[in-house]
Amino acid sequence: MSRPVLFVTRELPEKAQQRLENLTEEVEVRQHRSEEGLGRQQLLAEVRGAWGIICVLDDTVDAELVQAAGPQLRVVSTVSVGYDHVDTQALKTQGVLLGHTPGVLTDATADTTVLLALMAARRAKEALERAANGGSSGFSLTRGLGTQFGEQTLGIVGLGRIGSAVVSRLLPFGFTRVLYAAPRPQDKRAHALNAQHVSLETLLESSDLVCICCPLNPQTTGLFGSQAFARMRRSAILVNSARGAVVDHDALLDALDRRLIAHAALDVTVPEPLPAGHPLLTHPHCTVLPHIGSATEQTRAAMANLAIDNALDGIFARPLKAKVDL
Ligand code: DGY
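In structure tokens form, the structure reads like this:
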């Protein structure tokens with residue numbers, strides 16, 4: 479008897495991969511079993527006939543892909559909380575559901591944000607380079623001194639789950655003020671964290687550490703451009719663990735070169751990865767990680783499992799565990 483086809487664009491973390499392989503009675507799993515994605519044309523060919531597609535944020539999901547899959551497609555399930563790679567209108571028009579993975583990656587992503595903040599404050603990039611070069615790079619009373627978080631102001635752009643978890647982790651470092659910028663006040667979360675809703679301008683002018691934790695959408699694309707950097711404190715640290723396109727990279731480079739801000743620490747860039755030798759990679763005051771926000775064994779397993787649940791629920795017309803409202 480023919481079973482509905484579930485197409486998976488990547489190899490999944492081990493336990494979720496095993497679960498996928500045991501689904502044979504319910505669905506026919508077709509999978510591109512690799513860490514790397516398929517080329518666009520191959521992806522369009524491979525999704526043909528799928529009822530469900532499990533994808534990642536590198537896979538562009540648009541009208542062309544939906545059409546290539548065919549009219550039986552019921553659900554796209556992305557192994558990510560962010561869904562800026564998905565044309566939600568195209569799915570809505572075709573009556574295709576969208577699942578994602580909120581909640582399960584909050585802690586890991588907030589941890590990575592704190593990691594970047596500390597790396598920037600303690601000038602870890604320069605220190606790692608000194609250590610790797612050996613020679614006269616031992617203890618020094620004066621060389622490479624960083625900044626101690628203490629009685630400072632923390633600015634969070636986007637006080638959602640991840641932004642709130644970042645504040646909770648950073649408060650014990652002694653920040654005395656927490657400001658947040660968001661399209662709407664987040665009263666409940668803000669109250670619990672003693673955070674104050676302010677304009678982006680005020681946040682930029684007042685914050686010692688600015689963490690970008692907002693989704694990418696037309697309102698946040700390029701939010702950090704030359705005007706934003708001109709408002710920031712010269713001693714400020716900028717951390718981006720959200721999406722690369724929230725920050726205009728040319729404007730950032732210019733701001734770092736002109737010392738308009740002290741340091742930028744990025745888990746996300748455009749493109750990903752940045753090409754070898756890119757000036758942000760080599761800049762002494764810019765730390766770049768290769769989008770490892772959610773990259774722990776536990777979190778990736780939870781994300782992949784939730785994505786499988788969402789895909790199966792969509793295929794078999796059950797309510798999705800984590801559905802995006804289209
Ligand atoms: C997401 O899920 O959107 C994250 O960027 C992956 O770490």
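If you read the sequence shown in the working numbering, its first letter stands for residue 479, the second for the next number, and so on. We put the beta carbon where it would ideally sit given N, CA and C, even for glycine.
query, result
"Helix, strand or coil for leucine 730 per DSSP?", "helix"
"Please find out if some non-hydrogen atom of ligand 1 comes closer than 7 Å to the beta-carbon of histidine 769.", "yes"
"Is it true that the segment 671-688 meets the segment 703-722, where meeting means three or more beta-carbon pairs spaced less than 8 Å apart?", "yes"
"Are the beta-carbon atoms of leucine 678 and valine 644 separated by less than 8 Å?", "no"
"For glutamate 604, which three-state DSSP category applies?", "helix"
"Which partner residues of glutamine 705 appear in the DSSP bridge assignment?", "Glutamine 705 is not bridged to any residue."
"Any idea if alanine 609 is buried or exposed, counting beta-carbon neighbours within 10 angstroms, 16 or more meaning buried?", "exposed"
"Within the present structure, is the beta-carbon of threonine 699 separated from the nearest heavy atom of ligand 1 by less than 7 Å?", "no"
"On the DSSP bridge list, what partners appear for asparagine 718?", "Ile690 and Leu744"
"Have a look at Leu738, Leu619, Leu583 and Leu501 and flag the residue whose alpha-carbon is nearest the alpha-carbon of histidine 769.", "Leu583"
"Using 7 Å as the cut-off, classify the Cβ of leucine 583 as near or not near the heavy atoms of ligand 1, replying yes or no.", "yes"
"Spatial neighbours of lysine 493 within its chain, please: CB distance less than 6 Å, with the 5 preceding and 5 following residues excluded, ordered by chain position.", "Ala779"
"Thinking serine 642 and arginine 667 are a contact (beta carbons under 8 Å), I'd like their distance in whole angstroms, please.", "5 Å"
"Using a 10 Å radius around the Cβ and a threshold of 16 neighbouring Cβ atoms, would you call valine 544 buried or exposed?", "buried"
"Does the distance from the CB of valine 507 to the CB of alanine 595 come in under 8 Å?", "no"
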